[in-house]
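Worksheet: the structure to be examined is printed underneath.
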Amino acid sequence: MRAIVMTGVGGPEVLVAREVAQPRPGAGELVVRAEAIPVLYPEVAIRAGSFPTPAEPPLVFGFQAAGVVAETGADVDPGLVGRRVVVATNGFGAYADFVVADVAQATPVPDGVDTAVAAAVLMGGSVAAALIDTAAPASDETVLIEAAATGVGAYLTQYATRRGARVIATAGGPAKAARARELGAAEVIDHNDPEWTDRLRTVLDGATLDVVFDSIGGPATPDLLDLMTPLRGRMLGYGFLSGAPAPITAIDLITRGLTLIGCAGPVWLGKVAGYRAAVLAEVAAGTLEPLLDATLPLDQAARAHELLEQRAAFGTIILRPDLA
């Protein structure tokens, strides 16, 4: 079968199309004939070496895939064959014609939801759902959502707006700022401006932030602490698009009466997984807008990574094995 092999850590060029053996399911596993494979930002970070690889290269790359169950292993209901599902792998194996995964990591695609749409929404939507429930913003609270025009931030903007919170967003450039407003943000600040936190202070005009969803990290993040609501303000850190985590210490939080919640690790990922079915149900019901940017052939995985690194995408890029 065709697959995209990560040959080493480096630029997009380390993703190479190759012929590899088709996987077979073990006990508790199923094999999916992939129809849509989402290209996810954490994959870009792993490929570039910002995060450790799940196994030593060379390896078939990829976290998730959507398609039709082709085969089941022992202890798996054979009636699943022919069903559409989105599967999550253990960090590799998804950029391929056929993908093996634990049956527990398979989420059925509801009738009426396109397979590519299901693939596009599942990761970002489920992370956002877990974040919004953890923060639990009230209708009288002010929320800052970083990188609000794409990915997790775009789904967060929809969820926070639905709860009635005042959403202040950051986005990179005028086009993405416009998109964040379409999704429900009341005000948008360009985080490409080195002085964007000063602009945020002006927008707040004496008010404070009750919730900060921090996906940027880096040296600008501590500047937000003095703009947060004492004793009630909570920051949820779930990424560092800047390339470095937020340099915040315990004393920074204690002296201001603030809470920092780290959203990472196995327990957090387990919580996120619990939202997958509900997110696809929302898409089916039309209450959550999916964000799909472009569809590319499987062998253009390197190009997809380039687009994500250039911040050019307005939604998830999907790889299609059936496109020659």
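Residue numbering for the sequence shown follows UniProt numbering, beginning at 1 and increasing consecutively.
Where a beta carbon is used, it is the ideal one built from N, C-alpha and C, also for glycine.
Small disclaimer: the values here were computed from a predicted structure and weren't measured.
Can you tell which of the options has the C-alpha that lies nearest to the C-alpha of residue i?
i, options, result
"residue 280", "50, 86 and 157", "86"
"residue 60", "68, 229, 18 and 40", "18"
"residue 202", "219, 224 and 271", "224"
"residue 168", "144, 160 and 190", "144"
"residue 7", "22, 290 and 48", "48"
"residue 299", "240, 112, 285 and 321", "321"
"residue 187", "215, 147 and 217", "147"
"residue 122", "310, 277, 302 and 295", "277"
"residue 214", "205, 158 and 248", "248"
"residue 314", "270, 174, 204 and 228", "174"
"residue 209", "180, 256 and 182", "256"
"residue 66", "15, 42 and 101", "101"
"residue 138", "207, 116, 198 and 164", "164"
"residue 360", "55, 115 and 53", "Outside the shown range of the chain, which is 1 to 324, sits residue 360, and nothing can be said about it."
"residue 94", "206, 216, 301 and 229", "301"
"residue 113", "282, 307 and 303", "282"
"residue 63", "269, 28 and 252", "269"
"residue 159", "190, 124 and 189", "124"
"residue 228", "212, 243, 216 and 316", "212"
"residue 243", "84, 42 and 30", "42"
State buried or exposed for residue i, treating a residue as buried only when at least 16 other CB atoms are found within 10 Å of its CB.
i, result
"residue 92", "buried"
"residue 323", "exposed"
"residue 24", "exposed"
"residue 35", "buried"
"residue 162", "exposed"
"residue 292", "buried"
"residue 287", "exposed"
"residue 89", "buried"
"residue 200", "buried"
"residue 310", "exposed"
"residue 254", "exposed"
"residue 46", "buried"
"residue 97", "buried"
"residue 51", "exposed"
"residue 260", "buried"
"residue 231", "exposed"
"residue 285", "exposed"
"residue 180", "buried"
"residue 233", "buried"
"residue 120", "buried"
"residue 13", "exposed"
"residue 182", "exposed"
"residue 38", "buried"
Per the DSSP calculation, residue i is bridged to which residue(s)?
i, result
"residue 234", "211 and 259"
"residue 19", "2"
"residue 72", "30"
"residue 84", "68"
"residue 318", "38 and 295"
"residue 96", "3"
Please report whether the beta-carbon of residue i lies at a distance below 8 angstroms from any beta-carbon of chain C.
i, result
"residue 109", "No chain C appears in this structure, which consists of one protein chain only."
What residue ranges within the segment 100 to 146 form continuous beta strand (DSSP E) runs of no fewer than 3 residues, ordered along the chain? 106 to 108 and 142 to 145
Inter-stretch contact (C-beta, 8 angstroms, three-pair minimum) for the segment 194 to 210 and the segment 123 to 130: no
Below 8 angstroms, can you find three or more Cβ-Cβ pairs linking the segment 152 to 167 to the segment 218 to 234? no
Which ranges does the beta strand (DSSP E) cover as unbroken runs of at least 3 residues, wholly within the segment 149 to 216, from first to last along the chain? 166 to 171, 187 to 190 and 211 to 214
Threshold first: 4 residues or longer. Then list the alpha helix (DSSP H) segments lying entirely within the segment 277 to 316, N to C. 301 to 309
What are the complete beta strand (DSSP E) segments, minimum 3 residues, inside the segment 40 to 73? Here the runs fully enclosed are 64 to 72.
Between the segment 104 to 116 and the segment 63 to 80, do three or more beta carbon pairs fall short of 8 angstroms? yes
Does the segment 258 to 271 touch the segment 233 to 240, meaning 3 or more C-beta pairs lie closer than 8 angstroms? yes
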